[in-house]
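*Asks:*
Protein chains: 2
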Amino acid sequence: MKKVSFIGSGNVATHLALGLQEAGMDICEIFSSTPKNALKLASKVGAKAVSSITDLDVQGVDVIIISIKDDLIHSVSNAIGVSSTLIVHTSGTKSMDELSKHENRGVFYPLQTFSIESELKLSNIPFCVEASNLEELEILKEMASLLSADVRITNEETRKSIHVAAVVACNFSNHMFALAEQLLLETGEDLSILKPLIEETVSKALDNHPKEVQTGPAVREDQEVLKNHLHRLKGNPDFQKLYQDISNSIIKLKNE
Amino acid sequence: MKKVSFIGSGNVATHLALGLQEAGMDICEIFSSTPKNALKLASKVGAKAVSSITDLDVQGVDVIIISIKDDLIHSVSNAIGVSSTLIVHTSGTKSMDELSKHENRGVFYPLQTFSIESELKLSNIPFCVEASNLEELEILKEMASLLSADVRITNEETRKSIHVAAVVACNFSNHMFALAEQLLLETGEDLSILKPLIEETVSKALDNHPKEVQTGPAVREDQEVLKNHLHRLKGNPDFQKLYQDISNSIIKLKNE
Numbered sequence: 012m013k014k015v016s017f018i019g020s021g022n023v024a025t026h027l028a029l030g031l032q033e034a035g036m037d038i039c040e041i042f043s044s045t046p047k048n049a050l051k052l053a054s055k056v057g058a059k060a061v062s063s064i065t066d067l068d069v070q071g072v073d074v075i076i077i078s079i080k081d082d083l084i085h086s087v088s089n090a091i092g093v094s095s096t097l098i099v100h101t102s103g104t105k106s107m108d109e110l111s112k113h114e115n116r117g118v119f120y121p122l123q124t125f126s127i128e129s130e131l132k133l134s135n136i137p138f139c140v141e142a143s144n145l146e147e148l149e150i151l152k153e154m155a156s157l158l159s160a161d162v163r164i165t166n167e168e169t170r171k172s173i174h175v176a177a178v179v180a181c182n183f184s185n186h187m188f189a190l191a192e193q194l195l196l197e198t199g200e201d202l203s204i205l206k207p208l209i210e211e212t213v214s215k216a217l218d219n220h221p222k223e224v225q226t227g228p229a230v231r232e233d234q235e236v237l238k239n240h241l242h243r244l245k246g247n248p249d250f251q252k253l254y255q256d257i258s259n260s261i262i263k264l265k266n267e
Numbered sequence: 012m013k014k015v016s017f018i019g020s021g022n023v024a025t026h027l028a029l030g031l032q033e034a035g036m037d038i039c040e041i042f043s044s045t046p047k048n049a050l051k052l053a054s055k056v057g058a059k060a061v062s063s064i065t066d067l068d069v070q071g072v073d074v075i076i077i078s079i080k081d082d083l084i085h086s087v088s089n090a091i092g093v094s095s096t097l098i099v100h101t102s103g104t105k106s107m108d109e110l111s112k113h114e115n116r117g118v119f120y121p122l123q124t125f126s127i128e129s130e131l132k133l134s135n136i137p138f139c140v141e142a143s144n145l146e147e148l149e150i151l152k153e154m155a156s157l158l159s160a161d162v163r164i165t166n167e168e169t170r171k172s173i174h175v176a177a178v179v180a181c182n183f184s185n186h187m188f189a190l191a192e193q194l195l196l197e198t199g200e201d202l203s204i205l206k207p208l209i210e211e212t213v214s215k216a217l218d219n220h221p222k223e224v225q226t227g228p229a230v231r232e233d234q235e236v237l238k239n240h241l242h243r244l245k246g247n248p249d250f251q252k253l254y255q256d257i258s259n260s261i262i263k264l265k266n267e
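If you read the protein sequences in the order shown, they are chains A and B. Counting from 12, one number per residue, gives the positions in the first sequence under my numbering. Counting from 12, one number per residue, gives the positions in the second sequence under my numbering.
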């Protein structure tokens, strides 16, 4: 297993292609609906940019990685010629069956948020792999282990639950930081004042069970502080409501 | 300014007393409603444990730091004999006026979450200081700067807003981690699978404005994924409702 081509040239495709090339694989062809981006990635990894999916040399590679917007996976998969080559997508939410046209198919889902600018160490990123048969699963495990020490065999149900958990833990906590920043800006402060506190909170949560290290007025059921905080948010009824709902959820989880 | 005594022997009192002693201050006396804890802290910092507030040598020190539960600050302050000694509390939410019995009073609020077991570098923790007059403010700035490079002069309004922001950014994001862990445990996974993603999310949020680096289905208004996630949470209607509310809040903030 040596040769891989990519459909897509966004953040995930770029990081994977660079990582796999560094690990010794040949990156053969890149197709993207934005030819400029395909060329850019192709030049980074010594691949050939192709301008149409039907031009891809499907049989000439071991794996084709489709790394594009979720909604397009099915139609793009259907545009690839039939072969016995392993076709995978990198989505956290889409079923492997989106690729059902292809006998050998799988999922190769890196559990991380990628930015095209930022350098990212792939080596500790969990890779969730699924495949239509054991032989192909071995190929994906091997390919993932070229990139990371954390390779996990999942199934569709598990992967979708992990994806919800990731949204809650990451997208939602980022929103909490955004709401906090909004409050701070109103008082002339900025988020930097919370940096040590946020870092310590995360470190404590990851070293323990977050439920067990929950602090703050809600888990203490400190009604006076909760009342004061709600009063302080009275100018923003939606935020006030959210503060109340999350506080209630903290109390509820504590009592479970 | 050399001598300080503590009322309280919990996490905050312990970290401050150790830090101030290391910085060269004399920790003179410790009072706690739990004499055993007062003795423990006193022995760590070479201080004397006293068994009654009225036994404190108020005039023999430059500052008395009250570091106890918010609700007790007022009555404890009233139990201290009148003097010109500077009396401060360490609360994020209580007014300096809780100490109004004392002519020279202030607030000495370290913006961090303390655990008694864990060693913590105080040097980058923001200290919010307030005082009843400029001379006492100088004393608190000087004392804080012995501990940390980040000393901020606040007022009651600012400090209370910072406290709400800290609850939102830290206590609420910890709850998001707890909810995510609950979901993962149901599928046989654990929170470790999200560690790289959480760390990258926080690092990105702190290096930018979190609003500007928000990712996920809500900010993309990806109705299909949102619908699937809500469906997946149908066994837990409260969590489902919270997922919807936070997603709505993300969309709302984006459009502001």
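In this text, a Cβ means the ideal position worked out from N, Cα and C, and glycines have one as well.
Can a CB atom of chain A be found closer than 8 Å to the CB of B/Q225?
*Replies:* The sequence position of residue 225 of chain B within the second sequence is 214, counting from 1. True, the Cβ-Cβ gap to chain A drops below 8 Å.
*Asks:* Can you check which of these residues, B/H242, B/E210, B/T65, is closest to B/V93 by C-alpha distance?
*Replies:* Numbered from 1 along the second sequence, position 82 holds the residue referred to as residue 93 of chain B. B/V93 has its Cα closest to that of B/T65, out of B/H242, B/E210, B/T65.
*Asks:* Helix, strand or coil for B/D73? Go by DSSP, reduced to three states.
*Replies:* Position 62 of the second sequence, counting from 1, holds the residue named residue 73 of chain B. Residue state, collapsed to three classes: coil.
*Asks:* Check whether the Cβ atoms of B/N182 and B/D161 lie closer than 8 Å to each other.
*Replies:* Start at 1 with the first residue of the second sequence, and residue 182 of chain B comes out as number 171. Start at 1 with the first residue of the second sequence, and residue 161 of chain B comes out as number 150. The answer is no: Cβ separation not under 8 Å.
*Asks:* Could you list the residues in the segment 180 to 191 of chain B with a C-beta less than 7 Å from some C-beta on chain A, going in chain order?
*Replies:* Answer in chain order: A180, C181, N182, F183, S184, N185, H186, M187, F188, A189, L190, A191.
*Asks:* If we ignore side chains and look at the alpha-carbon of each, how far apart do A/V69 and A/I91 end up?
*Replies:* By 1-based counting over the first sequence, the position of residue 69 of chain A is 58. By 1-based counting over the first sequence, the position of residue 91 of chain A is 80. Answer to the nearest angstrom: the Cα atoms are 8 Å apart.
*Asks:* In whole angstroms, what is the alpha-carbon distance linking A/V179 and B/A216?
*Replies:* As a position in the first sequence, residue 179 of chain A is number 168, starting the count at 1. As a position in the second sequence, residue 216 of chain B is number 205, starting the count at 1. C-alpha separation (whole angstroms): 15 Å.
*Asks:* So, do the segment 253 to 265 of chain A and the segment 240 to 257 of chain B have three or more beta carbon pairs nearer to each other than 8 Å?
*Replies:* A contact exists between the segment 253 to 265 of chain A and the segment 240 to 257 of chain B.
*Asks:* Are any of the Cβ atoms in chain A nearer than 8 Å to that of B/H220?
*Replies:* For the purposes of this step, residue 220 of chain B is taken as the residue at position 209 of the second sequence. Yes, contact with chain A.
*Asks:* Do B/D37 and B/K55 count as a contact pair if the criterion is CB distance below 8 Å?
*Replies:* Here residue 55 of chain B refers to the residue found at position 44 when the second sequence is read from its first residue. Here residue 37 of chain B refers to the residue found at position 26 when the second sequence is read from its first residue. It is not a contact, given that the beta carbons lie outside the stated cut-off.
*Asks:* With H, G and I counted as helix, E and B as strand and the rest as coil, what does DSSP make of B/F125?
*Replies:* By one-based count along the second sequence, residue 125 of chain B stands at place 114. In this structure, B/F125 counts as coil in the three-state DSSP scheme.
*Asks:* Can you tell me which of B/L237, B/H242, B/K152, B/E192 puts its alpha carbon nearest to the alpha carbon of B/V74?
*Replies:* The residue you call residue 74 of chain B lines up with position 63 of the second sequence. Out of B/L237, B/H242, B/K152, B/E192, B/K152 has the C-alpha closest to the C-alpha of B/V74.
*Asks:* Mind listing which residues of the segment 227 to 257 of chain A have their C-beta closer than 9 Å to chain B's C-betas, in chain order?
*Replies:* Within the segment 227 to 257 of chain A, the qualifying residues are G227, P228, A229, V230, D233, E235, V236, N239, H240, R243, L244, D249, F250, K252, L253, Y254, D256, I257.
*Asks:* Using a Cβ cut-off of 8 Å (strictly closer), state whether A/T169 contacts chain B.
*Replies:* Along the first sequence, one-based indexing puts residue 169 of chain A at 158. Yes, A/T169 lies at the interface with chain B (some Cβ there is under 8 Å from its Cβ).
*Asks:* In the DSSP output, what is A/G117 paired with across the bridge?
*Replies:* Against the first sequence, residue 117 of chain A aligns to sequence position 106. In the DSSP output, where bridge partners are listed per residue, A/G117 has A/V99, A/A142.
*Asks:* Distance cutoff 8 Å, beta carbons only. Does B/S95 sit that close to anything in chain A?
*Replies:* For the purposes of this step, residue 95 of chain B is taken as residue 84 along the second sequence, with counting starting at 1. No, no contact with chain A.
*Asks:* Just verifying my parser: in three-state terms, what is the DSSP assignment at A/S88?
*Replies:* Sequence index remark: in the first sequence, residue 88 of chain A carries index 77 (1-based). Looking at A/S88 - three-state DSSP - the assignment turns out to be helix.
*Asks:* A/A34 to A/L158, Cα distance in whole Å?
*Replies:* The residue labelled residue 34 of chain A in the question sits at position 23 within the first sequence. The residue labelled residue 158 of chain A in the question sits at position 147 within the first sequence. Near 7 Å, if we compare the C-alpha coordinates of A/L158 and A/A34.
*Asks:* With DSSP collapsed to three states, give me the class of A/E232.
*Replies:* Working through the first sequence from its first residue, we reach residue 232 of chain A at position 221. Coil at A/E232, not helix or strand.
*Asks:* Do you know offhand how far A/D218's Cα is from B/S172's?
*Replies:* For this step, residue 218 of chain A is matched to residue 207 along the first sequence. For this step, residue 172 of chain B is matched to residue 161 along the second sequence. A/D218 and B/S172: Cα-Cα distance of roughly 29 Å.
*Asks:* Unbroken alpha helix (DSSP H) runs of length 4 or more, entirely within the segment 155 to 218 of chain A: which are they?
*Replies:* Counting only runs of 4 or more, we get 167 to 177, 184 to 197, 206 to 218.
*Asks:* For A/V236, which residues from the same chain have a beta carbon less than 6 Å from its beta carbon, with the 5 sequence-adjacent residues on both sides left out?
*Replies:* Locating residue 236 of chain A in the first sequence gives position 225, counting from the first residue. Cβ neighbours of A/V236 beyond the five flanking positions: P228.
*Asks:* Can you grab the Cα-Cα spacing for the pair B/S63 / B/H100, in whole Å?
*Replies:* Residue 63 of chain B sits at position 52 when you count from the first residue of the second sequence. Residue 100 of chain B sits at position 89 when you count from the first residue of the second sequence. Distance between the alpha carbons of B/S63 and B/H100: 18 Å.
*Asks:* Secondary structure at A/A60, three-state DSSP: helix, strand or coil?
*Replies:* Working through the first sequence from its first residue, we reach residue 60 of chain A at position 49. If DSSP states are grouped into helix, strand and coil, A/A60 belongs with the strands.
*Asks:* For B/V175, return the contacting residues in chain A, with the cut-off set at a CB-CB distance below 9 Å.
*Replies:* As a working mapping, residue 175 of chain B is identified with position 164 in the second sequence. Result: A191, L194, N239, H240, R243, L244, Y254.
*Asks:* Could you name the residues of chain A that B/A160 contacts, counting a contact when the two beta carbons are closer than 7 Å?
*Replies:* Locating residue 160 of chain B in the second sequence gives position 149, where the first residue counts as 1. Per Cβ cutoff of 7 Å: no residues; B/A160 is ~11 Å from chain A at best.
*Asks:* Please report whether the beta-carbon of B/S260 lies at a distance below 8 Å from any beta-carbon of chain A.
*Replies:* Translated into the one-based positions of the second sequence, residue 260 of chain B becomes position 249. By this cut-off, B/S260 is an interface position.
*Asks:* List the whole-angstrom C-beta distance separating B/G76 from B/V15, where the pair is believed to meet the contact cut-off of C-beta under 8 Å.
*Replies:* Working through the second sequence from its first residue, we reach residue 76 of chain B at position 65. Working through the second sequence from its first residue, we reach residue 15 of chain B at position 4. Position check: residue 76 of chain B holds Ile in this sequence, whereas Gly was assumed. So it is a contact: roughly 6 Å between Cβ atoms.
*Asks:* So is A/T65 in contact with chain B if we call contact Cβ pairs under 8 Å?
*Replies:* Numbered from 1 along the first sequence, position 54 holds the residue referred to as residue 65 of chain A. Not one chain B Cβ lies under 8 Å of A/T65.
*Asks:* Taking B/E232 as the reference, give the member of B/I209, B/I18, B/N266 with the closest Cα.
*Replies:* The sequence position of residue 232 of chain B within the second sequence is 221, counting from 1. Measuring from the Cα of B/E232, the nearest candidate turns out to be B/N266.
*Asks:* Whole-angstrom Cβ separation of A/E192 and B/H220, contact assumed at under 8 Å?
*Replies:* Counting from one through the first sequence, the residue named residue 192 of chain A turns up at place 181. Counting from one through the second sequence, the residue named residue 220 of chain B turns up at place 209. Indeed they touch by this definition, with Cβ atoms about 6 Å apart.
*Asks:* Give me, in chain order, the residues of the same chain whose beta-carbon lies closer than 8 Å to that of B/D81; leave out the 5 immediate sequence neighbours on both sides.
*Replies:* As a working note, residue 81 of chain B is residue 70 in the second sequence. So the qualifying residues of the chain are S102, T104, K105.
*Asks:* Kindly indicate which three-state DSSP category B/V93 falls into: helix, strand or coil?
*Replies:* In the second sequence, counting from the first residue as 1, residue 93 of chain B sits at position 82. B/V93: coil per DSSP, three-state reduction.
*Asks:* What is the DSSP secondary structure of A/I262, reduced to helix, strand or coil?
*Replies:* To locate residue 262 of chain A, count along the first sequence from 1; it is residue 251. Looking at A/I262 - three-state DSSP - the assignment turns out to be helix.
*Asks:* Return yes when the Cβ of A/M107 is within less than 8 Å of the Cβ of A/E146, no when it is not.
*Replies:* Working through the first sequence from its first residue, we reach residue 146 of chain A at position 135. Working through the first sequence from its first residue, we reach residue 107 of chain A at position 96. Taking 8 Å as the Cβ cut-off, A/E146 and A/M107 do not qualify as a contacting pair.
*Asks:* Identify the continuous beta strand (DSSP E) that holds A/V224 and give its terminal residues.
*Replies:* For the purposes of this step, residue 224 of chain A is taken as residue 213 along the first sequence, with counting starting at 1. Segment: none, A/V224 is in no beta strand (DSSP E) and carries neither H nor E.
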